[in-house]
Amino acid sequence: MKTLSDQAIGTAHGKIILIGEHAVVYNEPAIAMPFLATPVEVIIEKIEGDSFISSSYYQGLFKTVPSSLKNVQTVVEAICDDLNQSTEGMSISISSLIPPERGMGSSAAVATALVRALFSFFKRSLDQTTLLSYVDISEKIAHGNPSGLDARVTSSEAPIYYKKNSQFIAIPLNLSGFLIAADTGMKGQTKKAVEDVAQQMQQSYKQTKKIVTAIGQLTDEARTAIEKNHMSRLGEVLTLSHTYLRQLRVSNDALDHLVNTALQNNALGAKLTGGGRGGCMIALADTAKQAKKIAHKLMENGAVETWIHALGEDINE
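Each number in the working numbering corresponds to the 1-based position in the sequence shown with 47 added.
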């Protein structure tokens, strides 16, 4: 495979559901944060002959990708068709630090970086509407009926306030602290958790609805705290939200243990993030030193990976 001189790079990042998971299904708001600590990069180089893809899942010819990369293949074909370009002559290298199946927007971030790289490679300008339309093609293949939230957050640097079947609102990020995420090492069980909450809603409507409404109210409080840089209040709100998510029975022992570990080590707040029953948890810290200590303790207590995202300043300061 002979590499020619032309090269283009596209980037994106992961996302974290800060608050509102599960309640968002019942028309309550949710807030998602761009998580820059888990970057994605796609590099496209011009080569002679058949296009080639290199990723952690697959290394081989573009035309023979496995089903797990069908969304990537479809997006490349759609863009090449729309821009009247050949799908041949490209080496596409995908690098991602987002763990798959953890609710951190892995597929949307890869699609975002890919679309940006392709438009750069073909020397075409790319607006946000066009970007989202192509990422949506990928997400429909990957997830069936996506909300569009992942596509927006993985391509943005602002938190997104979201309500089902409503608009996406970017929130000014005025926070000055740090967000720590920790992976339990267990795949999240979002589908099962959502089904179980729906069953609870049927069996104990009044009680379950009260919990869901309370999470929605906490989400609105979190939005205010973000806009006004009230870190301590945001931490309290996150911890309260976890208490309600436990009542919905979408947490598990591993998540609860990591949440408790963070709180015992002076986190401002902590909770599960995403669908639950595995996956990741998050914690909030005031300073870089405290964030690093919390991340270290989480690793000592069963986390398989941790990340620290500086909300308003450099982690090395």
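Cβ atoms here follow ideal geometry from the backbone N, Cα and C, with glycine treated the same way.
All figures in this text were calculated on a predicted structure; none of them were measured in a lab.
*Does the beta-carbon of His190 have 16 or more other beta-carbons within 10 angstroms, so that it is buried, or is it exposed?*
Looking up residue 190 in the sequence shown gives position 143. By the 10 Å Cβ count, His190 comes out exposed.
_Could you compute how far the alpha carbon of Ala160 sits from the alpha carbon of Met80?_
Position 113 of the sequence shown, counted from the first residue, corresponds to residue 160. Position 33 of the sequence shown, counted from the first residue, corresponds to residue 80. Between Ala160 and Met80, the C-alpha separation is close to 18 Å.
*Inter-residue Cα distance where the pair is Glu68 and Ile216*: On the sequence shown, position 21 is the one that residue 68 refers to. On the sequence shown, position 169 is the one that residue 216 refers to. Roughly 17 Å separates the two Cα atoms.
*Under the criterion of a Cβ to heavy atom distance below 7 Å, does Glu268 qualify as lining the ligand COA?*
Among the ligands in the structure shown, none appear at all, so the ligand COA cannot be discussed.
*Spell out the partners DSSP gives Lys62 in its beta bridges.*
Here residue 62 corresponds to residue number 15 of the sequence shown, with the count starting at 1. DSSP output for Lys62 lists Pro81 as bridge partner(s).
*asked:* What does the alpha-carbon distance come out to for the pair Glu347 and Gly57?
replied: Within the sequence shown, residue 347 is the residue found at index 300, counting from 1. Within the sequence shown, residue 57 is the residue found at index 10, counting from 1. Roughly 35 Å between the two C-alpha positions.
*Beta-carbon separation of Asn312 and Lys344 under 8 Å?*
The count along the sequence shown starts at 1 and reaches residue 312 at position 265. The count along the sequence shown starts at 1 and reaches residue 344 at position 297. Their beta carbons are under 8 Å apart, which means Asn312 touches Lys344 by this criterion.
_Inside the stretch 241-314 only - alpha helix (DSSP H) runs reaching at least 4 residues_ = 252-275, 278-294, 300-311
*What's the C-alpha gap between Tyr208 and Arg270?*
Taking the first residue of the sequence shown as 1, we reach residue 208 at position 161. Taking the first residue of the sequence shown as 1, we reach residue 270 at position 223. Those two C-alpha atoms are separated by around 8 Å.
*Looking only at its own chain, which residues have a Cβ that is under 8 Å from the Cβ of Gln175, when we skip the five neighbours before and after it?*
Sequence index remark: in the sequence shown, residue 175 carries index 128 (1-based). So the qualifying residues of the chain are Ser202.
*Touching or not, the stretch 277-293 and the stretch 104-124, by the rule of three or more beta carbon pairs under 8 Å?*
no
*Check the C-beta distance from Ala342 over to Ile329 and give it rounded, since I have them as a contact under 8 Å.*
Walking along the sequence shown from the start, residue 342 turns up at place 295. Walking along the sequence shown from the start, residue 329 turns up at place 282. At roughly 11 Å, the Cβ-Cβ gap does not stay under 8 Å, so Ala342 and Ile329 are not in contact.
*Bounding residues of the alpha helix (DSSP H) (the contiguous stretch that carries Lys344)*: The count along the sequence shown starts at 1 and reaches residue 344 at position 297. Per DSSP, Lys344 belongs to the alpha helix (DSSP H) from 335-347.
*Are three or more beta carbon pairs between the stretch 246-257 and the stretch 193-200 nearer than 8 Å?*
no
*Same chain only: Cβ atoms within 8 Å of Asp53, ignoring 5 sequence neighbours per side*: Translated into positions along the sequence shown, residue 53 becomes position 6. If we look at Asp53 and ignore the five residues flanking it on each side, its Cβ neighbours are Glu92, Lys93, Phe168.
_Cα-Cα separation between Ser143 and His60, rounded to whole angstroms_ = Counting from one through the sequence shown, the residue named residue 143 turns up at place 96. Counting from one through the sequence shown, the residue named residue 60 turns up at place 13. One C-alpha to the other measures close to 8 Å.
_Sheet register partners of Leu331 (DSSP bridge)_ = Residue 331 sits at position 284 when you count from the first residue of the sequence shown. Leu226, Gly316, per the DSSP bridge assignment.
*Using a Cβ-Cβ cut-off of 7 Å (strictly less than) and excluding sequence neighbours within five positions of Ala261, which residues of its own chain qualify?*
What you label residue 261 is simply residue 214 of the sequence shown in a count that begins at 1. The residues are Tyr291.
*asked:* Within a Cβ cutoff of 6 Å, which residues of the same chain sit near Leu210, ignoring the five residues on either side of it in sequence?
replied: As a first step, residue 210 is located in the sequence shown; it is residue number 163 there, counting from the start. Note that residue 210 corresponds to Lys in the displayed sequence, not to Leu. So the qualifying residues of the chain are Pro76.
*Can at least three beta-carbon pairs, one atom from the stretch 144-151 and one from the stretch 118-134, be found at a separation below 8 Å?*
no
*Which residues in the same chain have their Cβ closer than 7 Å to the Cβ of Ile188, if we skip the five residues on either side of it in sequence?*
Position 141 of the sequence shown, counted from the first residue, corresponds to residue 188. Counting only Cβ-Cβ distances below 7 Å, and skipping sequence neighbours, we find Lys117, Asn118, Thr121.
*Should Arg324 go down as buried or exposed, given a rule of 16 or more other Cβ atoms within 10 Å for buried?*
Taking the sequence shown and counting its residues from 1, one reaches residue 324 at position 277. Buried: at least 16 other Cβ atoms inside 10 Å.
*Indicate the three-state DSSP secondary structure (helix, strand or coil) for Ile207 in the structure shown.*
On the sequence shown, position 160 is the one that residue 207 refers to. In the structure shown, Ile207 sits in a strand (DSSP, three-state: E or B).
*Taking the alpha carbon of Thr353 as the point to measure from, which residue in Leu173, Ile100, Ala84 has its own alpha carbon closest?*
Taking the first residue of the sequence shown as 1, we reach residue 353 at position 306. Selected option, being the one with the closest Cα: Ala84.
_If distances are taken between C-alpha atoms only, which option among Gly326, Ser133, Pro86, Asp129 comes closest to Asp97?_
Position 50 of the sequence shown, counting from 1, holds the residue named residue 97. It is Ser133.
*Which one or two residues does DSSP pair with Val87 in a beta bridge?*
Here residue 87 refers to the residue found at position 40 of the sequence shown. Paired residue(s): Ala59, Ser143.
*Going straight from the alpha carbon of Ile66 to that of Ser288, what length do you get?*
Locating residue 66 in the sequence shown gives position 19, counting from the first residue. Locating residue 288 in the sequence shown gives position 241, counting from the first residue. Going from the Cα of Ile66 to the Cα of Ser288 covers about 7 Å.
*If Leu278 sits next to Ser223, beta carbons under 8 Å apart, how far is it from one beta carbon to the other, in whole angstroms?*
Counting from 1 along the sequence shown, the entry for residue 278 is found at position 231. Counting from 1 along the sequence shown, the entry for residue 223 is found at position 176. Reading off the sequence, residue 278 comes out as Met, not Leu. Going by Cβ atoms, the distance from Met278 to Ser223 rounds to 7 Å, so yes, they are a contact pair.
_Alpha carbon of Ile273 to alpha carbon of Phe82, nearest angstrom_ = Counted from its first residue, the sequence shown places residue 273 at position 226. Counted from its first residue, the sequence shown places residue 82 at position 35. Looking at the two C-alpha atoms, the distance is approximately 15 Å.
*Count the other CB atoms, across all protein chains shown, that sit within 10 Å of the CB of Asp89; report buried if there are 16 or more and exposed otherwise.*
Residue numbering aside, residue 89 sits at position 42 when the sequence shown is read from its first letter. At residue 89 the sequence reads Val, which differs from the Asp that was named. Flag for Val89 reads buried.
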